[in-house]
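Structure first, then comments.
Number of protein chains: 2
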Amino acid sequence: MKKNAFYAQSGGVTSVINATAASVILESKKYKSKIGKVYAGKNGILGALKEELIDTSKESKSAINSLKSTPGGAFGSCRFKLKSFEENKKEYIRLVEVFKAHNIGYFFYNGGNDSADTAYKVSQISKKLCYPINCIAIPKTVDNDLAETDCCPGFGSAAKYIATSTMEASLDVASMSETSTKVFILEVMGRHAGWMAASSALARIDQKDAPHIILLPEIRFNQIKFLNKVKDVVKKNGYCVIVASEGVKNSKGKFLAESDRKDAFGHSQLGGVAPYLAGLISQKLNLKNHWAVSDYLQRSARHISSKTDLLHAEAVGVHAVRYAIKGLNGVMPIIVRSKSEKYSWKIIPAPLSKIANVEKKLPNSFISKDGFDVTAKAIKYLKPLIQGEAYPKFKNGIPHSQKLKLVEVKKKLPNWKD
Amino acid sequence: MKKNAFYAQSGGVTSVINATAASVILESKKYKSKIGKVYAGKNGILGALKEELIDTSKESKSAINSLKSTPGGAFGSCRFKLKSFEENKKEYIRLVEVFKAHNIGYFFYNGGNDSADTAYKVSQISKKLCYPINCIAIPKTVDNDLAETDCCPGFGSAAKYIATSTMEASLDVASMSETSTKVFILEVMGRHAGWMAASSALARIDQKDAPHIILLPEIRFNQIKFLNKVKDVVKKNGYCVIVASEGVKNSKGKFLAESDRKDAFGHSQLGGVAPYLAGLISQKLNLKNHWAVSDYLQRSARHISSKTDLLHAEAVGVHAVRYAIKGLNGVMPIIVRSKSEKYSWKIIPAPLSKIANVEKKLPNSFISKDGFDVTAKAIKYLKPLIQGEAYPKFKNGIPHSQKLKLVEVKKKLPNWKD
């Protein structure tokens with residue numbers, strides 16, 4: 004029996020999540036006897052709850068294809084976690100009402116570990132509310148912290164951006180260091196896991212190249228050791244490049260970025276590990292420094308996406324559809340790396356019960372003994388993920404992104420009140 | 004008579020200053036009867052004073068060519084301004100000693116307006132110390148604030164980076180705005196002139212696209228007007244993207260970035276306009292926000308350099324050499340834009356006396372009436388400068404930059420003591 008599909012984007016977006024969306028839409032078209040329309044949720048699962056469904060069949064083929072080179076979440080994402088069935092049954096009942104009203108039998112949820120949890124809960128609707136649904140979570144997160152999968156679509160591109168930016172900025176600092184800036188700090192994302200900070204190590208050609216210090220959230224910050232290391236590097240090398248994860252914590256387990264700085268209003272300053280470290284280096288070492296915080300730039304930099312990452316993002320979309328029409332439920336297409344020397348990978352399904360809410364941190368074997376670097380093993384893991392370029396088309400000097408029509412399906416139900 | 008040439012990089016570097024260096028070196032080879040070797044100053048003019056001269060003839064042809072795609076200053080730059088002849092005659096005498104010792108008759112100084120001042124002073128050595136020198140300043144600055152020239156090599160690439168990053172990040176914010184971030188702030192360089200902040204306007208396809216607010220150093224910051232504008236944009240658009248120049252000043256003429264915030268040590272916080280504005284928006288409007296500071300990333304991002312800018316950078320190098328062998332002294336090759344509708348340009352010489360120490364700010368006609376945007380006239384000026392891509396080669400997932408040998412010429416003089 005032919006059913007429609009629901010696809011939604013969830014959590015922080017990436018430079019290639021729309022490539023996954025394009026794959027879901029295009030692959031679905033191949034199974035015309037099983038899949039009718041693909042409705043995209045406006046702002047993630049909120050679109051399902053509010054019955055705000057975007058009819059992707061109204062978009063031109065070129066618009067769908069252009070999603071492959073457009074960063075951000077084209078249909079809107081959200082930070083919204085479903086409560087458990089017991090805590091908030093009415094949310095699930097509403098979902099089933101919307102699914103019924105629009106003949107939705109396939110549910111694709113494109114997100115990280117919170118989203119895997121939501122998808123896992125939705126997958127249980129079949130059993131608990133006797134509504135048949137094939138629910139597939141599709142991996143996506145620059146944080147690279149999903150369990151089971153070898154890596155997460157979105158991460159490889161952010162990693163390529165970070166490695167490239169670290170390399171480029173370090174050449175800048177190197178040339179200024181004789182009479183000006185001695186220390187440069189780049190703050191990257193990764194609140195709980197250090198994958199992104201670790202990827203800066205790919206900037207090196209020689210061992211003595213930048214970054215000279217990597218600060219990971221897995222390692223508690225030791226101010227004395229850190230300052231000694233900075234001093235040492237500047238003495239030996241003339242300058243020092245530091246890449247710091249936003250999630251670095253002090254010995255008391257408090258984010259450095261939330262340390263006791265006050266703003267003009269007397270309120271705690273929200274952050275920035277980079278300006279915090281810059282202040283420390285200015286005061287304690289009196290070394291001229293510069294700092295950058297890449298924030299959203301690193302996860303939206305489609306212009307420097309990794310080709311490998313893009314292929315991953317497309318493949319998980321394709322396989323999600325295949326799993327759904329095969330009748331799978333409560334699974335995620337994950338990336339499995341072959342054990343051979345040459346990098347290769349395949350997609351297999353993994354149960355969401357093993358993925359939901361689990362956070363994969365950098366393993367100890369990836370972190371150097373002094374805690375300021377990553378190991379050769381980490382480099383071996385990371386390197387394949389940033390290989391290949393996948394430039395978007397440019398128009399008028401900037402990457403071209405085609406705007407979608409975003410036509411919403413006519414509502415059939417009363418408004419949702421949460 | 005055959006003379007050697009001295010080339011040096013000065014001030015903040017750019018993603019294409021090494022392309023100028025490559026052009027100077029390659030063009031010089033064409034005039035074998037007039038130009039012997041090209042010596043590059045190690046760390047700018049300090050290399051001349053310290054007699055630290057890098058023999059560029061020791062580099063392979065591929066190494067010189069690879070300079071065209073390597074950001075930073077390959078020979079080292081410096082922040083060092085010669086005093087006037089009257090104030091510090093011994094510096095000039097030392098320069099002449101070094102020039103004599105190494106048969107240097109051509110002096111190429113690649114920098115901004117401070118460097119044009121230094122080059123202007125060096126050009127007067129001919130008259131004041133009777134040592135014949137052909138001194139040519141070559142324009143370079145991401146700040147785009149040099150007088151006479153239509154634009155400055157380095158700026159177009161930074162502008163392309165800023166426009167691209169603003170566009171990409173705005174797609175990210177747009178997708179998160181329903182349940183998360185409402186305001187995104189990107190801080191860009193430009194301490195005294197708003198050219199870089201202005202270039203973010205090139206991110207727009209439609210008038211309502213990001214950036215929604217541009218804060219320029221030419222316009223004093225008005226907190227009430229600013230907060231009202233942010234509130235308005237978020238109300239109408241769902242989110243607001245702000246691009247702020249690091250040089251924005253408050254009504255008292257003080258940098259916002261140096262406002263009265265204190266760090267953990269009780270010292271004034273050095274900066275960040277972006278975190279300052281973020282704090283303001285959190286406290287006064289209670290809107291969730293994110294901020295990025297691109298710092299060195301924007302001026303070293305060779306991976307997203309503008310092809311037009313790269314061509315400018317190469318052309319000024321080529322013409323500098325031609326002017327020198329024609330016997331010109333105290334000039335700079337500048338870029339002149341044709342008056343035709345289709346963008347075209349040529350290089351002509353301009354006297355350094357008109358360029359040294361002059362700072363070209365955004366003209367009033369480029370700034371919108373409310374002070375939060377640029378005009379159509381500004382867009383018309385800026386747009387051609389970011390056209391075309393000039394991707395570097397990638398190796399192992401990151402842009403490939405070949406390392407130079409940097410062989411120094413044997414010293415002939417006693418050490419320099421300043």
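Residue numbers (our numbering), protein chains in the order written: chain L, 4 to 421; chain C, 4 to 421. Idealized CB from N, CA, C, for every residue including glycine. All values reported here derive from a predicted model rather than from experimental measurement.
| Check | Outcome |
| --- | --- |
| My parser needs the alpha helix (DSSP H) runs of 4 or more residues fully inside the segment 209–242 of chain L; what are they? | 226–240 |
| Give the interface partners of Q390 of chain C over in chain L, defined as CB-CB distance under 8 Å, in chain order. | N399, G400 |
| From the DSSP secondary-structure annotation, give me the bridge partner or partners of N137 of chain C. | C:Y109 |
| Check whether the Cβ atoms of I38 of chain L and A77 of chain L lie closer than 8 Å to each other. | no |
| Secondary structure at E62 of chain L, three-state DSSP: helix, strand or coil? | coil |
| Mark K113 of chain L as exposed unless 16 or more other C-beta atoms lie within 10 angstroms of its C-beta, in which case mark it buried. | Looking at the sequence provided, one finds Asn at residue 113 of chain L rather than Lys. Buried, because 16 or more other Cβ atoms sit within 10 Å of the Cβ of N113 of chain L. |
| For Y326 of chain C and N332 of chain C, I'd like the C-alpha separation in whole angstroms. | 8 Å |
| Give a yes or no on whether 8 Å exceeds the smallest Cβ distance from G79 of chain L to chain C. | yes |
| I'd like the span of the beta strand (DSSP E) that includes N292 of chain C, first residue to last. | 292–296 |
| Let me confirm a value: S404 of chain L is counted as buried when at least 16 other C-beta atoms fall within 10 Å, else exposed. Which label applies? | buried |
| Measuring only between beta-carbons, confirm whether P336 of chain C sits less than 8 Å from chain L. | no |
| Look at the alpha carbon of R82 of chain L and the alpha carbon of S178 of chain C, and state the distance between them as a whole number of angstroms. | 11 Å |
| Compare the C-alpha of I401 of chain C against each of L:L283, L:D235, L:G250, L:S160 and name the closest. | L:S160 |
| Between Y134 of chain L and T144 of chain L, what straight-line distance do the alpha-carbon atoms span, to the nearest angstrom? | 29 Å |
| Cα separation between I136 of chain L and S173 of chain C? | 35 Å |
| Applying the criterion that 16 or more other CB atoms from any shown protein chain within 10 Å of the CB defines a buried residue, is N435 of chain L buried or exposed? | Limits of chain L in this structure are 4 at one end and 421 at the other, which puts residue 435 of chain L out of reach. |
| Alpha carbons only, please: which of C:L300, C:I328, C:L365, C:K386 is nearest the one belonging to R340 of chain C? | C:K386 |
| By the 10 Å Cβ neighbour count, where 16 or more other Cβ atoms means buried, how is I389 of chain L classified, buried or exposed? | buried |
| Express the C-alpha separation of V296 of chain C and A281 of chain C in angstroms, rounding to a whole number. | 12 Å |
| Could you give the distance in angstroms between the alpha-carbon of A323 of chain L and the alpha-carbon of Y42 of chain L? | 15 Å |
| Count the other C-beta atoms from every protein chain shown that fall within 10 angstroms of the C-beta of R223 of chain L, then say buried if there are 16 or more, exposed otherwise. | exposed |
| Identify, in the order they occur along the chain, each residue of the same chain with its Cβ nearer than 7 Å to the Cβ of S214 of chain C, setting aside the five sequence neighbours on each side. | For the sequence presented, residue 214 of chain C should be read as Pro rather than Ser. Excluding residues within five positions, the ones whose Cβ falls inside 7 Å are T169, S203, A204, A206, V244, I245, V246. |
| Reducing DSSP to helix, strand and coil, say where P395 of chain C ends up. | coil |
| Report, in whole angstroms, the separation of the C-beta atoms of I48 of chain L and S26 of chain L, which I expect to be a contact under 8 Å. | Contact doesn't hold; Cβ gap of about 20 Å is too wide. |
| If you draw a straight line from the alpha carbon of K239 of chain C to that of F229 of chain C, how long is it in whole angstroms? | 15 Å |
| List, in order along the chain, the chain L residues whose C-beta lies closer than 9 Å to that of E54 of chain C? | Chain L residues near E54 of chain C: none, gap ~15 Å exceeds 9 Å. |
| Can you give the Cα-Cα distance for G79 of chain L and E55 of chain L, rounded to whole angstroms? | 11 Å |
| Along the segment 286–303 of chain L, what residues have a CB closer than 7 Å to any CB found in chain C? | Q286, H293, W294, A295, V296, S297, D298, Y299, L300, R302, S303 |
| Between the segment 172–184 of chain L and chain C, which residues of the former have CB atoms less than 9 Å from a CB of the latter, in chain order? | A172, S173, L174, D175, V176, A177, S178, M179, S180, E181, T182, S183, T184 |
| Are there 16 or more other CB atoms within 10 angstroms of the CB of Y109 of chain C, so buried, or fewer, so exposed? | buried |
| Kindly indicate which three-state DSSP category P387 of chain L falls into: helix, strand or coil? | helix |
| For M4 of chain L, count the other beta carbons within 10 Å of its own beta carbon; 16 or more makes it buried, fewer makes it exposed. Which is it? | exposed |
| If you run the structure through DSSP and keep just helix, strand and coil, what is Y10 of chain L? | strand |
| For a test of the three-state rule: what should DSSP assign to A247 of chain C, helix, strand or coil? | strand |
| Is the Cβ-Cβ distance between A196 of chain C and N147 of chain C less than 8 Å? | yes |
| So what does G44 of chain L bridge to, in DSSP terms? | L:L56 |
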